[in-house]
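Number of protein chains: 2
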Amino acid sequence: MNDLFADRVKNVPRSFVREILKVTENPEIISFAGGLPNPKTFPVKEIARATEKVLSNEGSSALQYSTTEGYGKLRDYIAKRYARIGLKVGKEEVLITNGSQQCIDLTAKVLINKDDGVLMEKPTYLAAIQSFSLFEPQFHTIPLIEDGVNPVMLRDILGSYDIKLFYSVTSFQNPSGISYSKENRKEVAEIINESDTVFVEDNPYGELRFIGEDLSPVKSYLDNSILFGSFSKIVSPGMRLGWIVAHEEIMEKLIIAKQASDLHSNYFTQRVVYQYLVDNHIDDHINRIRKLYKRQRDKMVEVINDTFPPEVKYTQPEGGMFLWVTLPEGTSSLELFDMALKENVAFVPGQAFYVKGGGENSLRLNFSNSDEDKIEEGIKRLARAVNQILSQK
Amino acid sequence: MNDLFADRVKNVPRSFVREILKVTENPEIISFAGGLPNPKTFPVKEIARATEKVLSNEGSSALQYSTTEGYGKLRDYIAKRYARIGLKVGKEEVLITNGSQQCIDLTAKVLINKDDGVLMEKPTYLAAIQSFSLFEPQFHTIPLIEDGVNPVMLRDILGSYDIKLFYSVTSFQNPSGISYSKENRKEVAEIINESDTVFVEDNPYGELRFIGEDLSPVKSYLDNSILFGSFSKIVSPGMRLGWIVAHEEIMEKLIIAKQASDLHSNYFTQRVVYQYLVDNHIDDHINRIRKLYKRQRDKMVEVINDTFPPEVKYTQPEGGMFLWVTLPEGTSSLELFDMALKENVAFVPGQAFYVKGGGENSLRLNFSNSDEDKIEEGIKRLARAVNQILSQK
Chain A
5 MNDLFADRVK NVPRSFVREI LKVTENPEII SFAGGLPNPK TFPVKEIARA
55 TEKVLSNEGS SALQYSTTEG YGKLRDYIAK RYARIGLKVG KEEVLITNGS
105 QQCIDLTAKV LINKDDGVLM EKPTYLAAIQ SFSLFEPQFH TIPLIEDGVN
155 PVMLRDILGS YDIKLFYSVT SFQNPSGISY SKENRKEVAE IINESDTVFV
205 EDNPYGELRF IGEDLSPVKS YLDNSILFGS FSKIVSPGMR LGWIVAHEEI
255 MEKLIIAKQA SDLHSNYFTQ RVVYQYLVDN HIDDHINRIR KLYKRQRDKM
305 VEVINDTFPP EVKYTQPEGG MFLWVTLPEG TSSLELFDMA LKENVAFVPG
355 QAFYVKGGGE NSLRLNFSNS DEDKIEEGIK RLARAVNQIL SQK
Chain B
5 MNDLFADRVK NVPRSFVREI LKVTENPEII SFAGGLPNPK TFPVKEIARA
55 TEKVLSNEGS SALQYSTTEG YGKLRDYIAK RYARIGLKVG KEEVLITNGS
105 QQCIDLTAKV LINKDDGVLM EKPTYLAAIQ SFSLFEPQFH TIPLIEDGVN
155 PVMLRDILGS YDIKLFYSVT SFQNPSGISY SKENRKEVAE IINESDTVFV
205 EDNPYGELRF IGEDLSPVKS YLDNSILFGS FSKIVSPGMR LGWIVAHEEI
255 MEKLIIAKQA SDLHSNYFTQ RVVYQYLVDN HIDDHINRIR KLYKRQRDKM
305 VEVINDTFPP EVKYTQPEGG MFLWVTLPEG TSSLELFDMA LKENVAFVPG
355 QAFYVKGGGE NSLRLNFSNS DEDKIEEGIK RLARAVNQIL SQK
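Right, dumping it as structure tokens:
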């Protein structure tokens, strides 16, 4: 009965991470596998007050159908906020979406024909692989290095293949925690500017910097670019509110795709989040999240440093929610996963984040959703598994 | 620069109705063009109380990421509610979506390859044309008649072409107001059951019956079927909550498509709507909507009957939000639109609802979003335009 289904869904697997999350529902397991913000950071009371205000002042209008582009005042707020990182954006360049995941779907819908070239980072965001896969592109990959991507290699790839778009998470990438440096951003922009490739910059973690100074997105250095943003990491992921920034010509097609996909994003929630933003100090709120995540990241780095053998490498991200561990060549993180489960600790094996294989000796650790005590205990458990697997070699 | 875009978006126009809605923003115009519920029917206070309860009891959890399938209790509620119209549905057969518009997108994503046959009613729901178009099917059409579709013609079409799915709005269709009779539902089900075609039954208006008895959906008579539902017409459209009912094999693919599209629907709103449903008498609320819409529909029918020339035909729907007017052959509703605008009244010309041309002498009138006084005045204005265009012939 497989002919019932369209080709595009025949080979898309259910998310590996979802399967892992099921295993880790056991409360005795300390899980670094998920990718959730710490629920402590959710502004529950403030959202309650904002909702009350919206419903008592303009309830009927907030519950009615609205425009595909999204709530005008919220779009304007988002556009203006970019000034803080040196980006000039007009309200008409902002489309409200259901989280940045939908940004990927809409962008692929308007840009990708079957077999078009899509360049992905290696490793890359798992759900982006899934989302793009439904549009049946040819994937190409470029390895991430410490400060972004190698410009020579990028130029070479864009010169050798027809690459319609380059999907990049430029700040505190999921899964690696890597950020493109200021210099690398400029180099990448210069190369993209000389090409026909559209730079698709996904930036859900950019506000979560706790070390160093905020950087302008690559978009600020180039024209042929689409930028994604999200309230998931700074307000609430359950509300599913993100946005796309794109210039007029692409925006016109994105609006058609959005309209065909679900008419518009939840208008009630758009009104509530806007009310929350104007009635509160979002920068203070974000600073509190940054401080919390820095403590949790510092604890994770400290305990890894104390307990892991020196041949195990790991990133020390300056922000975001993830840390990336690389075991010695030839060590399987899938095998480690089974050993770690016996120690009641979980993570995501790295190969899930590779489009075309690779990463067998790597793993992703989430530090945002565990408090410091759990991080200490969980990393110690993981260290036992790591020492065990390395001693078997 | 047209090569920038994927083929699927090159020929999809912006919605005609959107363009019309812009024209009708002038407050002097009485508009029967939109398709909005009456905002008087929105349970604003009850939603405010439900939100307060959700946020004060389980705020952090309601603002966190959730499962792709949707809130379990809400899925269970939806499944059980179908018992009232004779349909047995399990919770695991329900997927929460962003309104029924997203149901179309997800269904097309999992079923439609380029050039697959899609059968549409003539006329049909405008945004469904747009949504399916992005998947580049071959459209076929079957005319709606008074009680549904002609069974002989349906059998003939399914025998003559490869039809992957038949998209049908079986109750109080938008735009025509037509409903499939009980007999016609059974006949259609019998024909579909003998074919490989999937019956896709969109039912956003089914609860809005104000004359006659509620009917079981066609799905209750067949296996190879997907059913859509929505809270947009009975609670709030701005909240964008709908659902798909499908059996396990299709559901598995729909969940993958949903996950790739936007991870999950707004969880906060799912929790709020569920709380609203359990704390209130939804059937009483729906009865109030039915009574209101019946008064408005009766007024529209009455004034049309009093003021339109007898050669103009119109449907007298037993529910829903729309009434369909057919002018004498050769009369252009596009021309009538311009004349009507001069009288400060608006509607949607019928040809917008045809996939492959037709309907030039028809128009859609919405009666849900105007009170009785406006309906009386607006229909009188429209009658002047109708009499004018017919006198010119």
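Top to bottom, those sequences are chains A and B.
Residues in the first sequence are numbered from 5 upward in steps of one, following this note's numbering.
Residues in the second sequence are numbered from 5 upward in steps of one, following this note's numbering.
We put the beta carbon where it would ideally sit given N, CA and C, even for glycine.
I need the DSSP call for residue i, collapsed to helix, strand or coil.
i: residue 34 (chain B); result: strand
i: residue 225 (chain B); result: helix
i: residue 108 (chain A); result: helix
i: residue 318 (chain B); result: strand
i: residue 120 (chain B); result: coil
i: residue 9 (chain A); result: coil
i: residue 21 (chain A); result: helix
i: residue 360 (chain A); result: coil
i: residue 27 (chain B); result: helix
i: residue 91 (chain A); result: coil
i: residue 4 (chain B); result: Within the shown structure, residues of chain B are numbered from 5 to 397, placing residue 4 (chain B) beyond reach of any answer.
i: residue 220 (chain B); result: coil
i: residue 160 (chain A); result: helix
i: residue 331 (chain B); result: coil
i: residue 80 (chain A); result: helix
For residue i, report the span of its alpha helix (DSSP H) as first-last.
i: residue 55 (chain A); result: 48-66
i: residue 273 (chain A); result: 271-283
i: residue 377 (chain B); result: 376-395
i: residue 72 (chain B); result: Per DSSP, residue 72 (chain B) belongs to no alpha helix (DSSP H) and is neither H nor E.
i: residue 135 (chain A); result: 130-137
i: residue 309 (chain A); result: 286-311
i: residue 266 (chain A); result: 252-266
i: residue 180 (chain A); result: From DSSP, residue 180 (chain A) is part of no alpha helix (DSSP H); its letter is neither H nor E.
i: residue 342 (chain A); result: 337-346
Locate the beta strand (DSSP E) running through residue i, then write down its first and last residues.
i: residue 142 (chain B); result: 142-147
i: residue 189 (chain B); result: From DSSP, residue 189 (chain B) is part of no beta strand (DSSP E) but of the alpha helix (DSSP H) over 186-197.
i: residue 100 (chain B); result: 98-101
i: residue 171 (chain A); result: 167-173
Give me the DSSP bridge partner(s) of residue i.
i: residue 234 (chain A); result: A:246
i: residue 125 (chain B); result: B:146
i: residue 370 (chain A); result: A:326
i: residue 206 (chain A); result: A:173, A:232
i: residue 152 (chain B); result: B:149
i: residue 43 (chain A); result: Beta-bridge pairing links residue 43 (chain A) to no other residue.
i: residue 352 (chain B); result: B:368
i: residue 213 (chain A); result: A:323
Write down the C-beta distance between residue i and residue j rounded to the nearest angstrom, noting that I regard them as a contact closer than 8 angstroms.
i: residue 119 (chain B); j: residue 142 (chain B); result: 5 angstroms
i: residue 363 (chain A); j: residue 354 (chain A); result: 4 angstroms
i: residue 374 (chain A); j: residue 36 (chain A); result: 7 angstroms
i: residue 274 (chain A); j: residue 75 (chain A); result: 4 angstroms
i: residue 178 (chain B); j: residue 341 (chain B); result: Wrong, their Cβ atoms sit about 18 angstroms apart, outside the cutoff.
i: residue 99 (chain B); j: residue 247 (chain B); result: 6 angstroms
Next on the checklist: Taking beta-carbon pairs under 7 angstroms, can you tell me which members of the region 226-245 of chain A lie near chain B?
Outcome noted: From the region 226-245 of chain A, only 240, 241, 242, 243, 244 have a Cβ closer than 7 angstroms to chain B.
Checklist entry - Looking at chain A, which residues of the region 339-361 of chain B have a Cβ within less than 9 angstroms of any of its Cβ atoms? => result Residues are counted here when their Cβ sits less than 9 angstroms from a Cβ of chain A; for the region 339-361 of chain B the count is zero.
Next on the checklist: Closer than 9 angstroms between beta carbons: that is the criterion. Which residues of the region 61-83 of chain A meet it against chain B?
Outcome noted: From the region 61-83 of chain A, only 63, 64, 65, 66, 67, 68, 69, 70, 71, 72 have a Cβ closer than 9 angstroms to chain B.
Next on the checklist: For the region 123-150 of chain A, list every residue whose C-beta sits within 9 angstroms of some C-beta in chain B, in sequence order.
Outcome noted: Cβ contacts with chain B: 131, 134, 135, 136, 137, 138, 139.
Next on the checklist: Beta carbons nearer than 7 angstroms to chain B: which residues of the region 179-208 of chain A have them?
Outcome noted: Result list empty, no residue passes.
Checklist entry - What residues in the region 282-307 of chain B have a beta carbon less than 9 angstroms from any beta carbon of chain A? => result Against chain A - using a Cβ distance shorter than 9 angstroms - the region 282-307 of chain B contributes no residues.
Checklist entry - If you measure beta-carbon to beta-carbon, which residues of the region 97-117 of chain B are closer than 7 angstroms to chain A? => result Along the region 97-117 of chain B, the positions whose C-beta sits under 7 angstroms from a C-beta of chain A are 102, 103, 105, 106, 109, 113, 114, 115, 116, 117, read in chain order.
Checklist entry - At a Cβ cut of 8 angstroms, what residues of the region 360-390 of chain A count as close to chain B, listed as they run along the chain? => result Of all residues in the region 360-390 of chain A, none has a Cβ within less than 8 angstroms of some Cβ in chain B.
Checklist entry - Using a Cβ cut-off of 9 angstroms, which residues of the region 155-182 of chain A contact any Cβ in chain B, in chain order? => result Shown in chain order are the members of the region 155-182 of chain A whose Cβ falls below 9 angstroms from a Cβ of chain B: 168.
Next on the checklist: Any C-beta of chain B within less than 8 angstroms: which residues of the region 258-281 of chain A qualify?
Outcome noted: Going along the region 258-281 of chain A in chain order, one finds 259, 260, 261, 263, 264, 265, 266, 267, 268, 269, 270, 271, 272, 273 with a Cβ nearer than 8 angstroms to chain B.
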